[in-house]
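In our numbering, the protein residues as written are 1393 to 1773.
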């Protein structure tokens, strides 16, 4: 087999790959590797990033894709997977076979640039291929990052619901009553067509901005590049019929939202938000419970929370995907200086994350430990 390698550096040249891209992506059973995800990343996040999409072909047939981007990092440009720095979701390469993956790894090393592969499944072939392809004049470090939670759907909703702690089931009922005391409560999961996507997105943006994310500057109303990504991606997934938007209303007003896609017999959560004016009735938790029920009643195979395995998600019994990140540096003075600066920046980022988590925890009073304390049974319901 004689394989060739091409480099694509713009969205226009990606378009002819759409069909073959998604054929390969289908075997990985995640929307986060599909063409729609990465073309939205290019359109929303480049510049400042510069796309470097490595394509391996067997003749004219595409057999491997590494959707990378060169991003500024402490005076030099670093290779990483498109969108990973902004979206922070599980990711990876696309390949039809081991040989195609080997060609991708060698092509990546030929750039002689620092490399960051973040949130790849632990023990993934991509990480192994980079280890095997690394030459002597490279320095690398590999470390465990975190976990992302998911629920395997293999039983009825009633049976799964009974596995949730009785204190949390009581909490759901109390929160539902508090919401109903304010007016009519409605839950809905919609599959908007392209003509109605923006209307629903505007609602998502409004509700998300009514919470703690607006205060810490991560709400989509203020983060324009991220907002553009979700607008582009939502239009693309609406055309495919896989976009889902979950809503909780009280007296007709949307008080909690979720942006999701349904793909490979699973629901994947991309964004959540709730209106803090209604925090006392925990609309975020009520909507999450309702959407999980929706997934069970549709007889899907799984429910993917994405993001991190945060304390409040432990309300619902779940499994986790274990993830790793991989850093690789050529042995050059500038690259190694970048390495040192990135390590320092990582430490500062952790400090900031702790502060942000504190802000979030304070704002989302219905969640985690504060929620637990308030929701503990205190007598007859």
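Even for Gly, the Cβ is constructed at its ideal location relative to N, Cα and C. Because the structure is a prediction, the values reported are computed rather than measured.
Use the C-beta contact count for residue i: other C-beta atoms within 10 angstroms, 16 or more gives buried, fewer gives exposed.
i, result
"residue 1592", "buried"
"residue 1483", "buried"
"residue 1489", "exposed"
"residue 1428", "buried"
"residue 1431", "buried"
"residue 1419", "exposed"
"residue 1444", "buried"
"residue 1650", "buried"
"residue 1455", "buried"
"residue 1714", "exposed"
"residue 1521", "buried"
"residue 1415", "exposed"
"residue 1402", "exposed"
"residue 1719", "buried"
"residue 1623", "buried"
Whole-angstrom Cβ separation of residue i and residue j, contact assumed at under 8 Å?
i, j, result
"residue 1470", "residue 1440", "About 12 Å; that fails the 8 Å criterion."
"residue 1473", "residue 1509", "6 Å"
"residue 1717", "residue 1426", "Not a contact, Cβ separation roughly 22 Å."
"residue 1448", "residue 1397", "6 Å"
"residue 1399", "residue 1406", "That pair is no contact at about 12 Å."
Can you give me the Cβ contacts of residue i inside the same chain, cut-off strictly under 6 Å, excluding the 5 residues immediately before and after it?
i, result
"residue 1541", "1697, 1701, 1705, 1710 and 1712"
"residue 1421", "1656"
"residue 1673", "1567, 1570 and 1571"
"residue 1582", "1637"
"residue 1596", "1649 and 1651"
"residue 1555", "1709"
"residue 1507", "1471 and 1720"
Quick one: Cα of residue i to Cα of residue j, how far?
i, j, result
"residue 1630", "residue 1437", "21 Å"
"residue 1615", "residue 1589", "19 Å"
"residue 1776", "residue 1537", "The chain is shown from 1393 up to 1773; residue 1776 falls before or after that span and cannot be answered."
"residue 1559", "residue 1675", "17 Å"
"residue 1575", "residue 1645", "10 Å"
"residue 1412", "residue 1653", "21 Å"
"residue 1505", "residue 1679", "44 Å"
"residue 1458", "residue 1480", "17 Å"
"residue 1691", "residue 1548", "8 Å"
"residue 1707", "residue 1501", "43 Å"
"residue 1683", "residue 1664", "12 Å"
"residue 1551", "residue 1693", "15 Å"
"residue 1361", "residue 1627", "There is no way to answer for residue 1361, as the model of the chain reaches only from 1393 to 1773."
"residue 1451", "residue 1442", "27 Å"
"residue 1599", "residue 1667", "5 Å"
"residue 1543", "residue 1721", "37 Å"
"residue 1579", "residue 1685", "11 Å"
"residue 1485", "residue 1539", "19 Å"
"residue 1475", "residue 1424", "10 Å"
"residue 1577", "residue 1620", "31 Å"
"residue 1617", "residue 1584", "23 Å"
"residue 1670", "residue 1641", "11 Å"
"residue 1453", "residue 1689", "40 Å"
"residue 1586", "residue 1661", "19 Å"
"residue 1491", "residue 1517", "11 Å"
"residue 1625", "residue 1703", "29 Å"
"residue 1395", "residue 1495", "8 Å"
"residue 1635", "residue 1493", "30 Å"
"residue 1519", "residue 1562", "44 Å"
"residue 1639", "residue 1557", "25 Å"
"residue 1404", "residue 1523", "33 Å"
Which same chain residues, not among the five before or five after residue i, have their C-beta less than 7 Å away from its C-beta?
i, result
"residue 1681", "1564"
"residue 1687", "1545, 1659 and 1695"
"residue 1477", "1463"
Examine chain B for any beta-carbon lying closer than 8 Å to the beta-carbon of residue i, and answer yes or no.
i, result
"residue 1428", "The structure shown contains no chain B, having only a single protein chain."
Can you find a heavy atom of the ligand PLP that lies under 7 Å from the Cβ of residue i?
i, result
"residue 1414", "Here there are no bound small molecules, and the ligand PLP is not part of this structure."
What does a CB cutoff of less than 8 Å around residue i pick up in its chain, not counting 5 residues either side in sequence?
i, result
"residue 1460", "1443, 1444, 1445, 1446, 1471, 1472, 1473, 1474 and 1500"
"residue 1643", "1574, 1575 and 1576"
"residue 1633", "1583"
"residue 1417", "1425, 1426, 1427 and 1486"
"residue 1513", "1482, 1484, 1713, 1714, 1715 and 1716"
"residue 1553", "1561 and 1685"
Next item on the list: Tell me the start and end of each unbroken alpha helix (DSSP H) in the stretch 1450-1528 that is at least 4 residues and wholly inside, in chain order.
Entry: 1476-1479, 1490-1502 and 1517-1525
Checklist line | Uninterrupted alpha helix (DSSP H) stretches inside the stretch 1556-1612 (no shorter than 4 residues) | finding: 1558-1572, 1589-1601 and 1604-1608
Next item on the list: Let me know the beta strand (DSSP E) ranges lying completely inside the stretch 1675-1706, each 3 residues or longer, listed in chain order.
Entry: 1694-1696
Checklist line | In chain order, each alpha helix (DSSP H) run of at least 4 residues that lies wholly inside the stretch 1399-1444 | finding: 1403-1406, 1410-1418 and 1427-1437
Checklist line | Uninterrupted alpha helix (DSSP H) stretches inside the stretch 1630-1671 (no shorter than 4 residues) | finding: none
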